[in-house]
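Residues 1 to 589 (UniProt numbering) make up the sequence shown, in order.
We put the CB at the ideal spot given by N, CA and C, even for glycine.
It should be emphasised that the depicted structure is a prediction, and the values quoted were computed from it without experimental measurement.
Below is one structure, written out as structure tokens; comments come after it.
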Amino acid sequence: MTDTALGIAQSILGQPWRWRRTSAQMGGESLAPDDLVTQLLLARGVPRDDIERQRAPTLRAFMPDPSLFRDMDAAAARLADAVEAREAVTVFGDYDVDGATSAALLVRLLRALDVPVGAYIPDRLMEGYGPSGAALVRIGAAGSRLVVTVDCGAQAFDAIAEAKAAGVEVIVVDHHQCATTLPQAFAVVNPNRLDEAPDAALHGNLAAVGVAFLLGAALLRTLRARGFFGSRPEPALIDLLDLVALGTVADVARLTGFNRALVTQGLKVMARRGNIGLAALMDAARLTKPPTASDMGFALGPRINAGGRVGKSDLGVRLLTTSDPQEAADIAQELNHLNDERRAIEAAVLDQAIEASIACANAPVALVAASGWHPGVIGIVAGRLKERLHRPAIVVALGDDGIGKGSGRSIAGVDLGAAVLAAKETGLLVAGGGHAMAAGLTVAADRIDALGAFLSDRLAADVERASGDKALLIDAVLAPRGISPLWCEAIDSAGPYGAGWPAPRVATGPVRIVEAGIVGTDHLRLIVAGDDGARFKAIAFRSAEGLLGQTLLHARGGRKLWLAGRAKRDDWGSRPAAELHLEDAAWAD
Numbered sequence: 001m002t003d004t005a006l007g008i009a010q011s012i013l014g015q016p017w018r019w020r021r022t023s024a025q026m027g028g029e030s031l032a033p034d035d036l037v038t039q040l041l042l043a044r045g046v047p048r049d050d051i052e053r054q055r056a057p058t059l060r061a062f063m064p065d066p067s068l069f070r071d072m073d074a075a076a077a078r079l080a081d082a083v084e085a086r087e088a089v090t091v092f093g094d095y096d097v098d099g100a101t102s103a104a105l106l107v108r109l110l111r112a113l114d115v116p117v118g119a120y121i122p123d124r125l126m127e128g129y130g131p132s133g134a135a136l137v138r139i140g141a142a143g144s145r146l147v148v149t150v151d152c153g154a155q156a157f158d159a160i161a162e163a164k165a166a167g168v169e170v171i172v173v174d175h176h177q178c179a180t181t182l183p184q185a186f187a188v189v190n191p192n193r194l195d196e197a198p199d200a201a202l203h204g205n206l207a208a209v210g211v212a213f214l215l216g217a218a219l220l221r222t223l224r225a226r227g228f229f230g231s232r233p234e235p236a237l238i239d240l241l242d243l244v245a246l247g248t249v250a251d252v253a254r255l256t257g258f259n260r261a262l263v264t265q266g267l268k269v270m271a272r273r274g275n276i277g278l279a280a281l282m283d284a285a286r287l288t289k290p291p292t293a294s295d296m297g298f299a300l301g302p303r304i305n306a307g308g309r310v311g312k313s314d315l316g317v318r319l320l321t322t323s324d325p326q327e328a329a330d331i332a333q334e335l336n337h338l339n340d341e342r343r344a345i346e347a348a349v350l351d352q353a354i355e356a357s358i359a360c361a362n363a364p365v366a367l368v369a370a371s372g373w374h375p376g377v378i379g380i381v382a383g384r385l386k387e388r389l390h391r392p393a394i395v396v397a398l399g400d401d402g403i404g405k406g407s408g409r410s411i412a413g414v415d416l417g418a419a420v421l422a423a424k425e426t427g428l429l430v431a432g433g434g435h436a437m438a439a440g441l442t443v444a445a446d447r448i449d450a451l452g453a454f455l456s457d458r459l460a461a462d463v464e465r466a467s468g469d470k471a472l473l474i475d476a477v478l479a480p481r482g483i484s485p486l487w488c489e490a491i492d493s494a495g496p497y498g499a500g501w502p503a504p505r506v507a508t509g510p511v512r513i514v515e516a517g518i519v520g521t522d523h524l525r526l527i528v529a530g531d532d533g534a535r536f537k538a539i540a541f542r543s544a545e546g547l548l549g550q551t552l553l554h555a556r557g558g559r560k561l562w563l564a565g566r567a568k569r570d571d572w573g574s575r576p577a578a579e580l581h582l583e584d585a586a587w588a589d
């Protein structure tokens, strides 16, 4: 149990506020008041003797030997054979950002090695997730007898068996959870193999693009050992780290250890705008400053995803591999328009999903299904539903054929991917898999109720435990005047922030609400004033109609409050400023 912050045992949202780093964890040590980065690193679980390595994470300090992973050396050797023979290779990727960046990374690397390489991205609606036997056989018949699947393939037993029978060799590069048996591929490179060595299994939180990066490193090492670069330059794999960073953040992989090093260094590469497609996408998203992890997660990633969700599935990989500036600009604008379309579709499905969730209000896992929902947005809607209900959520789009395509999102401490895989093994699903925080599935309409019962029974204890541990973790208390650009700059050096490495959350107050109103779609906007005379803006996203929003709307000029959230730069005004992205509040008197 962590220590209560500011004595707040129950906030407006009914939760305690606790220090992220407790007095027990402090162990009596005293820190210099200005040692902010050290405090933030310690609060995120970094041992004191590892502080210096974590201050500026580098690949040299965190990158594992690729040979740790099963089948890595075999996969690298087979690809090296293809490079030396200039054998045609096809990279088969998933249609999301992780799949697009993984495919783009290998395509760009193999292209630099003069390999005739192409990418194949299945259509979400027509072909579904992962490789099909028909697609793999068709690729082989077109002249590519070596296929590398990225961000998919771990569960493609029938498809890969069919490919093997047709003489097509398949290398699987994936990170999704594996079953007790593996597909009949030439190699399966996946840190989440059940037979993986302990040192390699520690990297189970890699996104597929991180695994692809390690395969690229192993390939170059193999070619180097064979003397391949004796008369030609070796491609700079580090120049592809912008793709690795984007895929890692967009797939909500935990930004700890090697992942944090990949994203830290990848952001530096992205800032140089060497990838023409990414530069065009940043222009379309109106990102003029060096990008942040937040930009990748909320501006760039959704636009690439929009192609696979509501447009053409290969737009993302085409954008990330093109060398033509005009083509890049055209695709970036198309993705921008598709993202606007995706938002409108998502809003409509979310409203219906929220209404449908009333029927499972008491279930540990919210499972909703309906006909007419666009399969391209169900993952996003599941995430929104999870945030609203504070428990795992699965959204299923039912087709006219009586088969539903589902996508789920989980909460910390509840492994949804393993539960979905277990449901598949019991025969409840046509297909399914994923990882701890996200999963996808295919289910017959008449098995949905049974699936909901199975998942709720399996995960009830985990959900109850996770819900019982719910608390708002606070990193620091600031005076209202402390909500400033100076604070935002100070905390940047402990980033990048994201899943598993949360941005610092601050409490500030006491303050009074000077102005309160609703802006946009269900967003609450405040101007508050502190006893120190400082004023700042605060915004609570998607909260205006909820308990927090309604309480604060009626608190103008009344009782004083403590506010908690994350301080962010406010770049709209003529002078540097900051605002608080509000997550909770508590009465101060």
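Between the C-alpha atoms of Glu-425 and Ile-411 there is a straight-line separation of about 23 Å. In terms of CA proximity to Asp-340, Ala-299 leads the group Ala-329, Ala-299, Ser-357, Lys-268.
When beta bridges are read from the DSSP output, Phe-536 appears opposite Val-528. Note: Leu-478 is bridge-paired with Thr-508 in the DSSP secondary-structure output. Contact between the segment 316-336 and the segment 527-543 is absent: fewer than three C-beta pairs spanning the two stretches fall below 8 Å.
Per DSSP, Ile-8 is not a residue of any alpha helix (DSSP H), being assigned neither H nor E. Taking a C-beta distance under 8 Å as the contact criterion, Arg-108 and Leu-473 do not qualify as a contact pair.
Between Gly-143 and Ala-82, the alpha-carbon positions lie close to 13 Å from each other. If you draw a straight line from the Cα of Ala-356 to the Cα of Glu-346, it is about 15 Å long. For the pair Val-89 and Val-117, the CB atoms are nearer than the 8 Å cut-off. Trp-572 counts as exposed, since fewer than 16 other beta carbons sit within 10 angstroms of its beta carbon. Listed in chain order, the alpha helix (DSSP H) runs fully inside the segment 157-196 are 157-165, counting runs of at least 4 residues. At the C-beta level, Gly-509 and Lys-560 come within 8 Å of one another. Spatial neighbours of Arg-525 in its own chain (CB-CB distance under 6 Å, excluding positions within 5 residues in sequence) are listed in chain order as Gly-517, Val-519, Ile-539.
Counting along the chain, His-435 sits inside the beta strand (DSSP E) bounded by residues 431-435. For Ser-102 and Leu-110, the gap between their C-alpha atoms comes out near 12 Å.
Here Arg-145 is actually not in contact with Gly-130; their C-beta atoms are around 20 Å apart, not less than 8 Å. For Thr-4, the secondary structure class from DSSP, reduced to helix, strand or coil, is strand. A Cβ-Cβ contact shorter than 8 Å links Gly-417 with Ala-436.
Of all alpha-carbon atoms in Asp-462, Ala-461, Leu-421, Arg-458, the one lying nearest the alpha-carbon of Thr-442 is that of Leu-421. Within a 10 Å sphere around the beta-carbon of Ile-358 sit fewer than 16 other beta-carbons, which makes this residue exposed. For Arg-569, the secondary structure class from DSSP, reduced to helix, strand or coil, is strand.
Assignment of Val-46 by DSSP, reduced to helix, strand and coil, places it in the coil class. Nearest to Gly-408 by C-alpha distance, out of Gly-133, Leu-315, Arg-566, Arg-384, is Arg-384.
Residue state for Phe-213 is assigned as helix, using DSSP reduced to three classes. Between Arg-232 and the set Pro-375, Leu-113, His-203, the nearest pair of CA atoms involves Leu-113. The criterion of a C-beta distance shorter than 8 Å is satisfied by Thr-551 and Ile-12. DSSP places Thr-149 within a strand segment (E or B) once states are collapsed to three. About 10 Å separates the beta carbons of Ala-585 and Leu-547, which is beyond the 8 Å limit, so they are not a contact pair. For Lys-386, the three-state secondary structure derived from DSSP is helix. The continuous alpha helix (DSSP H) containing Val-317 extends over residues 315-321.
Your pair Ala-578 and Asp-589 does not check out as a contact, with CB atoms roughly 25 Å apart and the cut at 8 Å.
Per the coordinates, the alpha-carbon of Ala-423 lies some 14 Å from the alpha-carbon of Cys-178. DSSP places His-523 in the strand class (E or B) of the three-state scheme.
In the three-state reduction of the DSSP assignment, Lys-405 falls in the strand class. For Asp-71, same chain residues with a beta-carbon under 6 Å away, outside a window of 5 residues either side, are Ala-187, Val-188, Val-189 in chain order.
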